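From first to last, the protein sequence lines stand for chains A and B. Residues in the first sequence are numbered from 1 upward in steps of one, following UniProt numbering. Residues in the second sequence are numbered from 1 upward in steps of one, following UniProt numbering. Note that CB positions come from ideal geometry on N, CA and C, so glycine has one too. The model shown is predicted, which means the values in this text are computed figures rather than measured ones. I have placed the structure first, in the form of structure tokens, so that the comments after it can refer back to it.
There are 2 protein chains.
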Amino acid sequence: MDPFAGVDRYLEEHLDASLRELTGLCEIPSVGAQNTGLDECAAMVAELLRKRGFEAMLLPTDGAPVVFAERRGRSDKTLLFYNHYDVQPAEPLDLWESPPFEATLRGDKLYARGVSDDKGHFINRLFAIDALLDRDGELPCNIKFVVEGEEETGSPHLEGFVRKNTERLAADACVWEFGEVDFQGVPVQYLGLRGICYVELSVQTAKTDAHSGLGGTIFPNAAWRLVWALNTLKGPDERIRIPDYYENVIPPTERDIELATKIPSRANEYRSRYGIAGFLRGTQGGVELSLQEVFEPSCTICGLTAGYQGTGGKTVLPCKASAKVDLRLVPDQTPQEALSKLRSHLDAEGFDDVHIDFLGGIPPGRTDPDDPFVKLVVESAKEVYGVAMDVIPMVGGSGPNAIFLECLKLPVVTQGLGYPGTNAHAPNENVRLDLYLKCAKHMTRILSLFAMT
Amino acid sequence: MDPFAGVDRYLEEHLDASLRELTGLCEIPSVGAQNTGLDECAAMVAELLRKRGFEAMLLPTDGAPVVFAERRGRSDKTLLFYNHYDVQPAEPLDLWESPPFEATLRGDKLYARGVSDDKGHFINRLFAIDALLDRDGELPCNIKFVVEGEEETGSPHLEGFVRKNTERLAADACVWEFGEVDFQGVPVQYLGLRGICYVELSVQTAKTDAHSGLGGTIFPNAAWRLVWALNTLKGPDERIRIPDYYENVIPPTERDIELATKIPSRANEYRSRYGIAGFLRGTQGGVELSLQEVFEPSCTICGLTAGYQGTGGKTVLPCKASAKVDLRLVPDQTPQEALSKLRSHLDAEGFDDVHIDFLGGIPPGRTDPDDPFVKLVVESAKEVYGVAMDVIPMVGGSGPNAIFLECLKLPVVTQGLGYPGTNAHAPNENVRLDLYLKCAKHMTRILSLFAMT
């Protein structure tokens, strides 16, 4: 008899109840960048854990509190879940087809800000736990949760928190906040995350805006200063121009290239989803694109602001201008190194008037693709998805996995319900109900197998 | 006996009534760029003219209507006033100390959007006419008004209107929409205006924004495309890089330099008003600054927009970016020439993905500094201001004076109530009551003297 038959039935029968719980959590606009709803959301997360018999507490940091929870299980193995309860801003609001903080079911998808990243993943893990508790009355292993509230703003206090609580967080393995299937429905195992150094560059050239008819040929213009400063960071060849910026970049290993070669190309999926004419530097796809996507540092302008932005024209010479810039890092770059090289570079190029505001940084981090826990998670997917997970050595996004890898010495795997159309960080973020169910089923296998290792 | 003693007394006694009329006109938010309140404002302008015995009519254009009005006077000389009833957007609203569309008296100043540019000038001319009608029961000369509603958006339909109505608009001289005193209180006569070619540059690189962790090294980024395209237009040396851009620029003549040398330097005033560290290209002041300010074409970024602009960070790769760019032109450049050279340049530099939206253009125009009407206006200022006007051969701003100069063959002078702190186009636009009164007094002299030429 299939030991998971009852578990799977439980999950199928309680899907609606889990989605209702998720809907409730998504109603709290816990936007870290805008500092709204964080305390309320943390309290609800703790309450949801207590309902499952976890001992849950809100541990203060210098920013949003961390929810820590634990419950003992049958085996003495301990699994640590890392999730976060903060979400990205919902803007631009006019592109949402339903209100971002009212989870809305349309067809086979549930839409809301955070419904995937990361509230959906958190609730989905509770859902899997519910099914095992229903069957066994106990957990197969010890489980700990760390649910932080500052992931979307660069996790500025997580490292300090983990270093202060290494004994409390002691575990044998860690499951990361997210995971997904690729465009063919194949679940993917991401074993590394790029780091990030996120900055705001700003210039102020006068104390007030001027008439552009008056000052155009004689007054300094903050928007021009910003454009020229940005232009020194990267040119159309896509090479970052900051001196020695690439000196600590470790190129992909042979094993990395071997794994990357097995990954189905996402080129066509990217082209159609984003409607882009082509990829940077003319790359066509295949392993070349897979490596370019994740094994290189990036320098991305995320936003530009200056002067008049309404309809029509306004003849104004702006005194202030700013840009948000996302620098993704690869091993062994560090945020401190990127920040310091950026400052030196701007100064050397004559842009000491450009102020750098450091908005957050995380170092890159990788798990060994040959770790036994990785293998367990990858292989156990077969029973649910029909195929094992594709192992991807490195992914473009960032998260504080390096803290867990280095401070807690844990292998870190990804497992989750995302898919290429999940629109994380974008309007109309959503989860597919079929994947929501599969993800929970997979987690019941992971927990059960892990308990026996 | 002073023939203007009664006129001056009338103006002093009726100042409050004139300001009340101005307050009413400023209540209409006739923002051309946002297409609000234009018809309502045109109707009120016509009504105000009819109250003075003018025959006034609203003449349609393909945009906002032009108010045309005329009234015959004692002499057969005809003076044409050019004004406009549209105003600049009031944004940024948070910098206004009182609501922009509720004229508010604080100390010796009246604050509102349009209170100077240009509703204040229009009402002030009616005020001078009232004083002469009160004394004489008739006008000294024929007076015509052209009050358009599209000046702040580049007067796109004025040239067509003037060409279609050359007989109706026939006159002997023209008084321009604005005028001002300098920082020492000396009235200034501006005899030329730079032209303008105002464009919006926009790029779209995908159909939707992407996660900046995903796409930074492989997806095209609209903000980067815009920055690189803008960077090709002008570098930190302030020289416009568009090929042959300067070929039709006429350098200042010896007479221009002679006049410019007499102008008191505004360097210190600019430094303290705008809080700028220095002028472009290191110019210190004097005639060099005066010439650089107005006899050179400019390329000004008036606004930048892309991606996330809220507080904190959002990890997004923007699919759209745009910039507002103000190109000021000097004789004999034309807007069509600037536009065409800009397009060719962007294409040649590899930026054919940068779309140009032409938001308005006006050619530059100049009046002969030795015209008799110029002399009359300049000299008649002495009785009111204690000094003759300073003659400035060219000014940095733009307006459709070339249309009147070329189509109607009229000398065009400036006369008005502005001053360096008037904040036209900026928050807290205002008029000083003492200058409001002097301006009307000066106009009664101009009308009376002109009638006798």
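Item, Value
"Beta carbon proximity, glycine 192 (chain A) to chain E, threshold 8 Å", "Given the protein chain composition of this structure (A and B), no chain E is represented."
"Nearest neighbour of phenylalanine 127 (chain B), chosen from B:Pro29, B:Glu21, B:Gln184, B:Glu91 [CA to CA]", "B:Glu21"
"Buried or exposed by the 16-neighbour rule on C-beta atoms within 10 Å, applied to glutamine 284 (chain A)", "exposed"
"Assumed close pair tryptophan 176 (chain B), glycine 399 (chain B) - CB separation to whole angstroms, cut-off 8 Å", "7 Å"
"Bridge partners - isoleucine 240 (chain B), DSSP secondary structure assignment", "B:Lys234"
"Where cysteine 41 (chain A) meets chain B, residues with beta-carbon distance less than 8 Å", "Within 8 Å Cβ-Cβ: nothing; cysteine 41 (chain A) doesn't reach chain B, min ~17 Å."
"Host alpha helix (DSSP H) of lysine 207 (chain B) (start-end)", "It is not in any alpha helix (DSSP H) - lysine 207 (chain B) carries neither H nor E in the DSSP assignment."
"Contact set for arginine 432 (chain B): own chain, Cβ-Cβ below 7 Å, skip 5 residues either direction", "Asp108, Lys109, Tyr419"
"Backbone CA spacing between glycine 37 (chain A) and serine 290 (chain A) [nearest angstrom]", "37 Å"
"Proline 252 (chain B) classed as buried or exposed, judged by whether at least 16 other C-beta atoms fall within 10 angstroms", "buried"
"8 Å Cβ cutoff, tryptophan 96 (chain B) in contact with chain A", "no"
"Pick from B:Tyr111, B:Val162, B:Ser322 that is closest to proline 65 (chain B), judged by C-alpha positions", "B:Val162"
"Where the beta strand (DSSP E) containing leucine 280 (chain A) begins and where it ends", "Neither: leucine 280 (chain A) is in no beta strand (DSSP E) and is coded neither H nor E."
"Limits of the unbroken beta strand (DSSP E) element including proline 140 (chain A)", "Premise fails: proline 140 (chain A) is in no beta strand (DSSP E) and is neither H nor E."
"Distance, serine 98 (chain A) Cα to tyrosine 82 (chain A) Cα", "29 Å"
"Stretch pair the stretch 227-244 of chain A + the stretch 260-276 of chain A: three plus CB contacts closer than 8 Å", "no"
"At least 3 beta-carbon pairs within less than 8 Å: the stretch 305-323 of chain B vs the stretch 196-212 of chain B", "yes"
"The ligand PLP heavy atom lying under 7 Å from the CB of leucine 105 (chain A)", "Absence of the ligand PLP from the depicted structure is noted, as is the absence of any ligand whatsoever, leaving it without description."
"Limits of the alpha helix (DSSP H) - the one that valine 374 (chain A) falls within", "372-380"
"Alpha-carbon spacing of threonine 23 (chain B) relative to lysine 119 (chain B), whole angstroms", "9 Å"
"Exposure of residue 461 (chain A), with buried meaning 16 or more beta-carbon neighbours within 10 Å", "As shown, chain A starts at 1 and ends at 453. That puts residue 461 (chain A) outside it, with no answer to give."
"Beta-carbon neighbours of aspartate 26 (chain B), restricted to chain A and to distances below 7 Å", "In the sequence as presented, aspartate is not what sits at residue 26 (chain B); that position holds cysteine. Those within 7 Å of cysteine 26 (chain B) in chain A number zero; the least Cβ separation is about 18 Å."
"Below-8 Å beta-carbon distance, serine 380 (chain A) vs any chain B residue", "no"
"Closest by C-alpha distance to valine 186 (chain B), when choosing among B:Ser448, B:Glu429, B:Leu417", "B:Leu417"
"Beta-carbon proximity of valine 67 (chain B) to valine 87 (chain B), cut-off 8 Å", "no"
"Rounded distance between the beta-carbons of leucine 80 (chain B) and leucine 329 (chain B), thought under 8 Å", "Incorrect: roughly 24 Å between the Cβ atoms, too far for contact."
"Reference serine 448 (chain A), options A:Ile403, A:Val115, A:Pro140, closest by Cα", "A:Pro140"
"Contacting residues, own chain, Cβ-Cβ under 8 Å from glutamate 159 (chain A) (five flanking each side not counted)", "Pro400, Ile403, Cys407"
"Neighbourhood of glutamate 40 (chain B) by C-beta, 6 Å cutoff - its chain only, sequence neighbours within 5 removed", "Ile28"
"Nearest-angstrom Cα separation, counted from glutamate 200 (chain B) out to glutamine 415 (chain B)", "32 Å"
"Touching by the beta-carbon criterion (3+ pairs, under 8 Å), the stretch 379-392 of chain A and the stretch 142-155 of chain A", "no"
"Threonine 300 (chain A), buried or exposed, once every other Cβ within 10 Å from all chains shown has been counted against 16", "buried"
"Touch test, the stretch 330-341 of chain B against the stretch 237-250 of chain B, Cβ-Cβ under 8 Å, three pairs minimum", "yes"
"Listed by chain order, chain B residues near threonine 283 (chain A) by CB distance under 8 Å", "Ile218"
"Valine 374 (chain B) versus alanine 229 (chain B): straight-line alpha-carbon distance, rounded", "44 Å"
"Below-8 Å beta-carbon distance, histidine 355 (chain A) vs any chain B residue", "no"
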